[in-house]
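Heads up, the working numbering is the position in the sequence shown plus 363, with the first residue counted as 1.
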Amino acid sequence: MDETHYPNLTSFVKYPKFHPFPIQNLPYGVFEHNGTMHVGTAIGDYVLDLTHLEEINLLESPDQTFLFDFPSLNKFMSKGRSTWKAVRAQISNLLRDKPGSLADDKNLQEEVLLPMDKVTMHLPFEIKEYTDFYASIYHATNVGTIIRGPENALQPNWLHLPVGYHGRASSVILGGKDIHRPKGQIKPRDADKPYHGPTNFLDFEFEMGFVVGVGNELGKPIPVEKAKDHIFGLVILNDWSARDIQGWEYVPLGPFTAKNFATSISPWVVTLDALDPFRTEKERQEPQPLPYLQNGEGTAYDIVLQTFIQTEQMKNPHKIMESNFKYLYWNIDQMLAHHTVTGCNMRPGDLCGTGTISGPTKESRACMLELTWRGSEPLQLPSGEERKALHDGDTIIMTAFAQNQHYRIGFGEVRTKILPAV
Ligand code: CA
364 MDETHYPNLT SFVKYPKFHP FPIQNLPYGV FEHNGTMHVG TAIGDYVLDL THLEEINLLE
424 SPDQTFLFDF PSLNKFMSKG RSTWKAVRAQ ISNLLRDKPG SLADDKNLQE EVLLPMDKVT
484 MHLPFEIKEY TDFYASIYHA TNVGTIIRGP ENALQPNWLH LPVGYHGRAS SVILGGKDIH
544 RPKGQIKPRD ADKPYHGPTN FLDFEFEMGF VVGVGNELGK PIPVEKAKDH IFGLVILNDW
604 SARDIQGWEY VPLGPFTAKN FATSISPWVV TLDALDPFRT EKERQEPQPL PYLQNGEGTA
664 YDIVLQTFIQ TEQMKNPHKI MESNFKYLYW NIDQMLAHHT VTGCNMRPGD LCGTGTISGP
724 TKESRACMLE LTWRGSEPLQ LPSGEERKAL HDGDTIIMTA FAQNQHYRIG FGEVRTKILP
784 AV
């Protein structure tokens with residue numbers, strides 16, 4: 364913890380208590396205003412223009428190079444924690460409610476503070492590669508039980524390593540961008556042959572994505588105790604899934620076209636530095652993992668995760684699940700250590716999904732497959748409708764936040780509408 368986390372810090376930019384973007388948060392994103400794309404940070408209902416602040420020398424990198432002269436976070440993220448901390452401290456200082464700073468300069472405020480509803484957000488970083496893990500024991504157990512029965516719910520490797528696969532970076536999109544129902548190859552269980560058509564079981568998966576800032580050299584694994592030096596921050600991640608396509612194609616190499624049509628992320632990257640006060644005990648791991656995966660206490664984070672649905676008949680969104688990031692069995696440090704154990708090189712801008720973050724209760728099941736137990740227990744909605752899977756016209760809204768008695772560190776939201784197949 365440092366000064367930037369102090370609960371009594373106040374900004375001259377005003378916002379209500381438990382606003383997602385207080386001065387203790389300072390997440391990073393890329394925004395467009397009047398046709399120009401810049402890097403910014405969210406403060407209350409405003410975006411602070413970091414690219415412009417750097418141009419006019421009010422923000423300075425410790426190595427005197429430009430960090431924000433390109434509309435992506437990759438350059439800044441590649442610099443490492445000492446630069447991340449130095450820049451965070453400068454931004455925190457600029458935004459404080461104290462005389463002799465930006466607080467007193469109304470003209471400068473007009474130049475560098477833009478109302479959030481007047482800007483368009485873009486992908487915050489150039490996504491180099493996308494990897495998806497499967498790190499919630501509750502999710503893996505539920506899905507395994509649905510597919511193979513409770514006896515063989517977890518595969519023999521599951522308690523020994525964070526299972527993952529290499530996904531597709533090109534189809535990672537920003538929340539707010541709608542998706543069309545995908546078409547693919549499907550074989551109903553009682554049919555002899557597959558057919559090609561729209562998925563009948565479109566699903567969301569509530570995951571968080573961790574973003575690699577500092578990479579590693581090919582052949583040099585990242586030790587688990589050094590993983591946090593490489594991880595810049597977290598975003599909300601919706602790993603869209605077509606369950607019927609997945610069920611037919613996944614043997615023996617895992618998900619392919621059932622997952623590669625879209626993955627939605629939130630526009631603001633919340634840094635691990637901002638989340639530091641919300642570190643908590645990780646899940647107990649039994650059996651003990653191999654030494655290269657062992658790490659200490661305080662390597663998980665207490666972050667509330669919520670999903671809402673709004674069908675075309677509903678006036679307001681309705682909450683269908685609430686879980687917590689801390690329920691992950693494997694933590695992000697272990698995922699990164701395992702990803703690189705054979706020498707794989709990570710690069711700035713690599714995105715890693717945690718896997719669906721289900722918890723121990725029914726309410727904390729983080730996808731429709733689990734919530735409806737593969738369609739056998741449809742969700743009952745306040746509109747009188749029911750859902751076994753997502754319909755065209757449904758909007759899925761995901762949000763996440765860490766909160767203590769003083770303030771909330773919000774992630775914003777990922778909002779996506781399902782459009783008909785084309
Ligand atoms: Ca997934």
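Beta carbons are placed, not taken as given, at the ideal position from N, Cα and C, and that holds for glycine.
Cutoff 7 Å; reference residue i; Cβ partners in own chain excluding five residues on either side
{"i": "Arg-728", "result": "Asn-505, Met-684, Ser-721, Leu-734"}
{"i": "Asp-639", "result": "Met-364, His-368"}
{"i": "Ser-746", "result": "Thr-674, Gln-676, Met-677"}
{"i": "Leu-421", "result": "Leu-457"}
{"i": "Arg-778", "result": "Gly-538, Gly-539, Thr-758, Ile-760"}
{"i": "Gln-548", "result": "Pro-557, His-559, Ile-608, Trp-611, Glu-612"}
{"i": "Ser-441", "result": "Gly-576, Val-577, Pro-711"}
Proximity winner among the options, relative to residue i (alpha-carbon distances)
{"i": "Leu-486", "options": "Ala-637, Gly-659, Ala-498, Ala-532", "result": "Ala-532"}
{"i": "Glu-418", "options": "Gly-407, Leu-430, Lys-550, Phe-595", "result": "Leu-430"}
{"i": "Glu-649", "options": "Leu-421, Ile-500, Phe-433", "result": "Ile-500"}
{"i": "His-701", "options": "His-681, Ala-498, Ile-490", "result": "Ala-498"}
{"i": "Asn-708", "options": "Glu-646, Pro-618, Val-575", "result": "Val-575"}
{"i": "Leu-635", "options": "Gly-661, Tyr-613, Gln-651", "result": "Gly-661"}
{"i": "Leu-753", "options": "Asn-456, Ile-542, Phe-564, Ala-466", "result": "Phe-564"}
{"i": "Leu-668", "options": "Thr-399, Gly-775, Met-484", "result": "Gly-775"}
{"i": "Lys-377", "options": "Gly-398, Phe-439, Val-402, Ile-406", "result": "Ile-406"}
{"i": "Ala-663", "options": "Gly-617, Tyr-692, Thr-373, Pro-630", "result": "Tyr-692"}
{"i": "Arg-451", "options": "Lys-469, Asp-460, Ser-424", "result": "Ser-424"}
{"i": "Asn-623", "options": "Pro-630, Ser-534, Thr-404, Trp-736", "result": "Ser-534"}
{"i": "Pro-561", "options": "Arg-606, Leu-714, Gly-716", "result": "Arg-606"}
{"i": "Pro-630", "options": "Asn-397, Leu-597, Ser-374, Arg-737", "result": "Leu-597"}
{"i": "Pro-654", "options": "Val-410, His-523, Leu-581", "result": "His-523"}
{"i": "Tyr-493", "options": "Leu-699, Glu-748, Val-785, Ile-781", "result": "Leu-699"}
{"i": "Leu-656", "options": "Thr-643, Ile-585, Ser-464", "result": "Ile-585"}
{"i": "Pro-652", "options": "Gly-610, Pro-525, Lys-442", "result": "Pro-525"}
{"i": "Gln-472", "options": "Leu-416, Glu-749, Pro-434", "result": "Leu-416"}
{"i": "Arg-459", "options": "Glu-366, Gly-530, His-396, Asp-602", "result": "Glu-366"}
{"i": "Val-632", "options": "Ile-490, Ile-509, Glu-474, Val-475", "result": "Ile-490"}
{"i": "Leu-616", "options": "Gly-530, Asp-602, Thr-643, Glu-588", "result": "Gly-530"}
Residues near residue i in its chain [Cβ-Cβ closer than 8 Å; skip 5 each side]
{"i": "Cys-730", "result": "His-502, Asp-566, Phe-567, Glu-568, Phe-569, Ser-604, Thr-719, Ser-721"}
{"i": "Gln-673", "result": "Asn-679, Pro-680, His-681, Asp-757, Thr-758, Ile-760"}
{"i": "Ile-536", "result": "Leu-486, Ile-542, Ala-625, Thr-626, Ser-627, Ile-628"}
{"i": "Asn-767", "result": "Pro-370, Pro-640, Phe-641"}
{"i": "Met-571", "result": "Leu-597, Val-598, Ile-599, Leu-600, Ile-666, Leu-668, Phe-688, Gly-716, Thr-717, Ile-720, Ala-763"}
Other residues of its chain near residue i: CB distance less than 6 Å, five sequence neighbours each side excluded
{"i": "Leu-436", "result": "Tyr-391, Pro-487, Phe-488"}
{"i": "Gly-507", "result": "Ala-516, Leu-517"}
{"i": "Thr-414", "result": "His-401, Val-402, Phe-431"}
{"i": "Gly-582", "result": "Gly-706"}
{"i": "Gly-443", "result": "Val-577"}
Cβ neighbour criterion (16 or more within 10 Å) applied to residue i
{"i": "Gln-697", "result": "buried"}
{"i": "Arg-647", "result": "exposed"}
{"i": "Thr-724", "result": "exposed"}
{"i": "Lys-556", "result": "exposed"}
{"i": "Arg-511", "result": "exposed"}
{"i": "Ala-554", "result": "exposed"}
{"i": "Pro-379", "result": "exposed"}
{"i": "Leu-389", "result": "buried"}
{"i": "Thr-399", "result": "exposed"}
{"i": "Thr-705", "result": "exposed"}
{"i": "Ser-739", "result": "exposed"}
{"i": "Asn-694", "result": "buried"}
{"i": "Asp-713", "result": "buried"}
{"i": "Gln-387", "result": "buried"}
{"i": "Pro-513", "result": "exposed"}
{"i": "Lys-461", "result": "exposed"}
{"i": "Gly-658", "result": "Note on identity: in this sequence residue 658 is Asn, with Gly being the wrong assignment. Per the 10 Å Cβ criterion, buried."}
{"i": "Thr-446", "result": "buried"}
{"i": "Asp-426", "result": "exposed"}
{"i": "Leu-732", "result": "buried"}
{"i": "Asn-520", "result": "exposed"}
{"i": "Lys-469", "result": "exposed"}
{"i": "Thr-703", "result": "buried"}
{"i": "Asn-397", "result": "exposed"}
Presumed contact (8 Å Cβ cut-off) between residue i and residue j, rounded CB distance
{"i": "Tyr-770", "j": "Phe-381", "result": "7 Å"}
{"i": "Ala-765", "j": "Phe-595", "result": "About 17 Å; that fails the 8 Å criterion."}
{"i": "Leu-477", "j": "Asp-412", "result": "7 Å"}
{"i": "Pro-783", "j": "Arg-544", "result": "6 Å"}
{"i": "Lys-546", "j": "His-559", "result": "7 Å"}
{"i": "Val-614", "j": "Asp-592", "result": "Contact flag wrong, Cβ pair sits at about 38 Å."}
{"i": "Ile-772", "j": "Ala-637", "result": "5 Å"}
{"i": "Phe-384", "j": "Ala-466", "result": "Contact flag wrong, Cβ pair sits at about 17 Å."}
{"i": "Gly-527", "j": "Asp-480", "result": "Actually they do not touch by this definition, with Cβ atoms about 38 Å apart."}
{"i": "Phe-394", "j": "Thr-483", "result": "7 Å"}
{"i": "Thr-341", "j": "Ile-454", "result": "The requested residue 341 is not part of the displayed model; the chain covers only 364 to 785."}
Residue-chain proximity (residue i, chain D), Cβ-Cβ < 9 Å
{"i": "Ser-627", "result": "Note that chain D does not occur in the displayed structure, where there is just one protein chain."}
Quiz prompt | Heavy atoms of ligand 1 versus C-beta positions, residues under 5 Å | solution = Asp-495, Glu-568, Asp-602
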